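In our numbering, the protein residues as written are 6 to 427.
Structure representation (structure tokens):
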């Protein structure tokens with residue numbers, strides 16, 4: 006399978022090229038200090054550009070391989086119509102991926118402010134959305150069973166669906182960027198999500214006749230069988246398209262993770278977050294499984310929900326909300342945000358609820374008003390729940406949580422979903 010070969014080549018290329026490229030990037034000033042280390046040695050940054058370029062180049066080089074059967078039959082006049090719509094979809098995905106990588110690298114170079122960097126994924130998603138529209142992309146949404154008497158079985162969203170897809174690309178990109186701050190966590194979460202998407206794709210691919218013959222008798226009546234049940238050719242092609250992106254992404258990311266895991270020798274930078282997030286948005290939009298992808302992003306959704314008061318300016322938001330390194334012990338503790346004035350009730354009430362649950366620690370003055378709170382991130386929440394721990398332990402806990410959420414996502418998608426969808 007070409008995607009497997011691409012994954013192996015991507016891994017070998019990334020793990021080899023990253024050390025060679027790190028010195029070049031450091032020489033031009035792309036380096037920074039690890040905030041959670043006692044030493045002040047500068048670490049090369051923006052090394053996410055290497056796996057991004059490796060993946061993009063491989064996808065270009067393997068384009069003839071993916072369309073080899075169509076090229077042969079087209080040349081022999083056995084197939085009068087070449088699948089131009091598939092080629093345009095594939096190339097638009099590559100263009101969006103390229104654009105996201107370029108804009109992400111520019112962000113690393115010029116340190117763009119958050120208010121200006123938010124539209125970056127919207128710009129990168131334009132080629133994909135234009136081709137989606139030109140090919141007559143579906144903008145209908147199936148309504149859950151309990152709401153069908155009120156809304157009907159299908160609702161046509163029209164332009165609203167394109168806004169939703171653009172917002173999805175923005176969320177996928179920025180949510181990976183927000184859940185960051187310790188060695189390896191940006192790349193590790195992307196690897197787990199990509200692995201989950203790849204497994205989901207494999208579940209929808211038709212099984213070989215030899216494998217089907219060994220299935221239990223109740224499955225013998227399936228005409229085109231996948232592990233999740235009957236599948237159509239169109240569904241199989243969508244998930245095969247997704248697999249061709251996800252497997253090389255896993256390979257390239259593992260090469261980066263080898264150098265970025267604790268103690269990190271390189272940093273991925275915003276380039277990797279934009280690149281990986283856009284790759285997820287591309288396969289979800291063009292593969293028509295955006296709701297499933299959001300299930301795999303459950304930790305990122307939780308982190309975004311926790312961060313909302315700080316992200317929207319309802320309480321103090323320092324530039325770096327990473328946990329605090331405790332000198333002498335080498336462990337991490339939750340970092341804190343201080344209030345210059347008492348927070349409004351719509352901020353203090355949620356903070357007290359989160360404190361009661363144990364994911365936030367508060368300091369209260371003599372008048373009963375909140376004077377200090379731990380920064381609202383998932384990493385700080387883990388430290389509040391489980392106590393102080395080393396950076397390596399915190400990274401491991403976060404990855405385990407990401408994997409557990411993926412297992413839960415599969416249970417919801419293929420278990421509970423049957424209760425609300427037919």
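Glycine included, every Cβ here is placed at the ideal spot set by N, Cα and C.
All values derive from a computational prediction rather than experimental measurement.
- Three or more beta-carbon pairs separated by less than 8 Å are not found between the region 193-203 and the region 143-150, which leaves the two stretches without contact.
- The three-state reading of DSSP puts residue 244 in helix, counting H, G and I together.
- Per DSSP, residue 178 lies in no beta strand (DSSP E); the unbroken alpha helix (DSSP H) holding it starts and ends at 164-183.
- Ranked by Cα distance from residue 297, the options 15, 204, 264 are led by 204.
- Scanning 95, 48, 50, 49 for the CA closest to the CA of residue 71 turns up 95.
- Burial of residue 179 is indicated by the presence of at least 16 other C-beta atoms within 10 angstroms of its C-beta.
- Pairing residue 328 with residue 41, the inter-Cα distance amounts to about 8 Å.
- Beta-bridge annotation (DSSP): residue 125 is not paired with any residue.
- Closest in alpha carbon position to residue 388, among 56, 330, 181, is 330.
- For residue 312, the enclosing alpha helix (DSSP H) covers residues 303-316.
- Taking C-beta atoms as the reference points, residue 60 and residue 15 count as a pair closer than 8 Å.
- Note on residue 126: 16 or more other CB atoms within 10 angstroms of its CB, so buried under the neighbour-count rule.
- Closest in alpha carbon position to residue 292, among 171, 333, 142, is 142.
- About 6 Å separates the beta carbon of residue 37 from that of residue 48, a gap short enough to meet the 8 Å contact definition.
- Going by DSSP, residue 367 is part of the beta strand (DSSP E) stretching over 367-369.
- Between the alpha carbons of residue 185 and residue 418 lies a distance of about 27 Å.
- Shortest Cα-Cα distance from residue 320 to any of 380, 277, 290 involves 380.
- Where residue 190 is concerned, the enclosing alpha helix (DSSP H) starts and stops at 190-208.
- Measuring C-alpha to C-alpha distances from residue 188 to each of 274, 241, 316, 289 identifies 274 as the nearest.
- With contacts defined by Cβ atoms closer than 8 Å, residue 6 and residue 253 do not form a contacting pair.
- For residue 290, the number of other beta carbons within 10 angstroms of its own is at least 16, and it is reported as buried.
- Distance from residue 339 to residue 410 at the Cβ level is roughly 21 Å; contact not present, criterion being Cβ atoms closer than 8 Å.
- Membership of residue 396 in the alpha helix (DSSP H) is indicated by the continuous run 396-416.
- The region 393-404 makes no contact with the region 362-376, as fewer than three CB pairs between them are under 8 Å.
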